[in-house]
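See structure below.
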Amino acid sequence: MSSADHDPPLAPGLYLVATPIGNLEDITLRALRVLRSADRIACEDTRQTQKLLNHFGISTPTVSYHLHNEGLRAEELLAQLQQGARIAVVSDAGTPGIADPGHELVNAAIGAGVTIYPIPGANAAINALIASGLSTEHFTFHGFLPAKEGQRRTALEQLPRDRATHLFYEAPHRILGTLADVEAIFGATQPVAIARELTKLHEEFLRGPVGELRAQLAARPSIRGEIVLLFSPAEEDAAAPTRSIAAEVAALMKTESLSEKDALKRVARDRGIGKSEAYRELQRERARG
Ligand code: SAM
306 MSSADHDPPL APGLYLVATP IGNLEDITLR ALRVLRSADR IACEDTRQTQ KLLNHFGIST
366 PTVSYHLHNE GLRAEELLAQ LQQGARIAVV SDAGTPGIAD PGHELVNAAI GAGVTIYPIP
426 GANAAINALI ASGLSTEHFT FHGFLPAKEG QRRTALEQLP RDRATHLFYE APHRILGTLA
486 DVEAIFGATQ PVAIARELTK LHEEFLRGPV GELRAQLAAR PSIRGEIVLL FSPAEEDAAA
546 PTRSIAAEVA ALMKTESLSE KDALKRVARD RGIGKSEAYR ELQRERARG
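Heads up: the sequence shown is residues 306 to 594, going by this note's numbering.
And the structure:
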């Protein structure tokens with residue numbers, strides 16, 4: 306007799322099951338029971354989840370459900386749910402639907418009157434937050450920043466300075482660039498926290514001024530692992546320029562009859578930034594209208 310035979314039957318519905326983000330002990334008893342008793346497990350990557358299932362001796366059939374087949378697979382799974390199936394959804398690691406597939410199926414299931422059961426467990430953002438030392442009273446989760454440098458800068462510049470802690474998932478090969486942007490926008494003394502490899506053997510928290518942490522990481526031969534970056538942007542500095550670059554350029558063109566190019570050069574020099582950075586900021590201001 307397998308342990309599935311001892312488990313009470315699972316009610317029909319969609320089960321969103323959190324799985325470990327590194328340490329296999331972080332699976333809950335309830336998650337194991339649901340995974341054992343479900344009719345099917347929809348997985349972001351069936352091979353990845355199979356390792357977890359093998360470890361816990363679970364033989365429930367799996368089906369792939371990822372970013373690229375989310376829409377199509379959601380329809381198929383929904384049809385089964387409407388016939389009373391018990392379907393579990395897992396991502397490769399952590400909580401499904403958080404920077405991972407899941408949301409689309411949840412929405413469709415709600416629309417079809419299917420019962421949804423969240424099965425709580427590991428999540429990188431929340432665990433980084435509670436150990437970061439930063440305020441947990443108000444926080445905003447942003448998922449991944451845009452990969453393109455200009456878009457990433459704009460996203461960071463537009464962060465509200467509302468005393469909330471802002472959380473980002475970040476890739477190891479992008480962390481230095483992102484920290485450089487945080488430093489340029491919020492100043493080298495902006496406090497940040499970096500949570501790396503949570504729950505794993507080499508779990509690490511770095512806490513301190515962004516300038517120092519960037520230098521510390523840059524000095525390493527390589528930066529590996531999974532990362533959560535957190536910070537709470539300081540209130541606007543009263544001494545910081547409040548006028549837009551566009552307004553300063555326009556004023557110089559008018560009062561000193563400078564060409565736009567020369568005016569921009571002057572503004573860049575006055576602000577202590579490079580010409581191309583000033584130009585990019587001007588373009589962004591214009592795009593924002
Ligand atoms: N759904 C997952 C969750 O609940 O946290 C997140 C999935 S997202 C595709 C993967 C990103 O989460 C990684 O690139 C990293 O930024 C963050 N992450 C996942 N596991 C982590 C860990 N053990 N330590 C630090 N960050 C982690």
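Cβ atoms here follow ideal geometry from the backbone N, Cα and C, with glycine treated the same way.
At a cut-off of 7 Å, would you count R501 as near the ligand SAM, judging by its Cβ distance to the nearest heavy atom? yes
Return yes when at least one heavy atom of the ligand SAM lies under 7 Å from the C-beta of Y320, else no. no
Using a Cβ distance threshold of 8 Å, determine whether the segment 421-434 contacts the segment 378-386, with at least three qualifying pairs required.
no
Q. Using a Cβ-Cβ cut-off of 8 Å (strictly less than) and excluding sequence neighbours within five positions of G376, which residues of its own chain qualify?
A. E409
Legend entry - Neighbourhood of R519 by C-beta distance below 7 Å, restricted to the same chain and skipping five residues each side: L481, L484, A485, E488
*Where does A583 fall in DSSP's three states?*
helix
| Does DSSP put F491 in a helix, in a strand, or in coil? | helix
Q: Please confirm if the segment 313-323 is in contact with the segment 409-425, defined as three or more CB-CB distances below 8 Å between the two stretches.
A: yes
Taking just the CA atoms, how far does A555 sit from I532? 42 Å
Collapsed DSSP secondary structure at L334 in the structure displayed:
helix
* Asked: Mapping DSSP to helix, strand and coil, what is H373?
  -> coil
Exercise. Taking C-beta to C-beta, are F536 and A498 nearer than 8 Å?
Worked result: yes
Quiz item: Are the CB atoms of L450 and R457 nearer to each other than 8 Å?
Solution: yes
(Q) Could you check whether I346 and V395 sit closer than 8 Å to each other, using their CB atoms as the reference points? (A) yes
Within 10 angstroms of the Cβ of P313, are there 16 or more other Cβ atoms? Answer buried if so, exposed if not.
exposed
Q.
Can you find the residues in the same chain that come closer than 6 Å, C-beta to C-beta, to P595, ignoring five residues on each side of it along the sequence?
A. Beyond the ends of the chain as shown, which are 306 and 594, falls residue 595; an answer cannot be given.
As assigned by DSSP and simplified to three states, the class of T470:
strand
For A414, collect the residues of the same chain with a Cβ closer than 7 Å to its Cβ; drop the 5 residues on either side in sequence, then sort them by chain order. L319, L383, L386, I421
Given that a residue counts as buried once 16 or more other Cβ atoms are within 10 Å of its Cβ, and exposed if not, what is A393? buried
Task: Exposure of H471, with buried meaning 16 or more beta-carbon neighbours within 10 Å - done: buried
Note to self: If distances are taken between C-alpha atoms only, which option among E442, H371, R591, T333 comes closest to C348?
What the structure shows: H371
Hey, would you say the C-beta of G362 is under 7 Å away from at least one heavy atom of the ligand SAM?
no
Q) Sorry if obvious, but does the Cβ on S437 come closer than 7 Å to a heavy atom of the ligand SAM? A) no
Report yes if the CB atom of F510 is closer than 8 Å to the CB atom of A523, and no otherwise. no
> Can you give the Cα-Cα distance for T494 and R479, rounded to whole angstroms?
Replying inline: 20 Å
**Message:** Which of the three DSSP states is assigned to V419 in this structure?
**Reply:** coil
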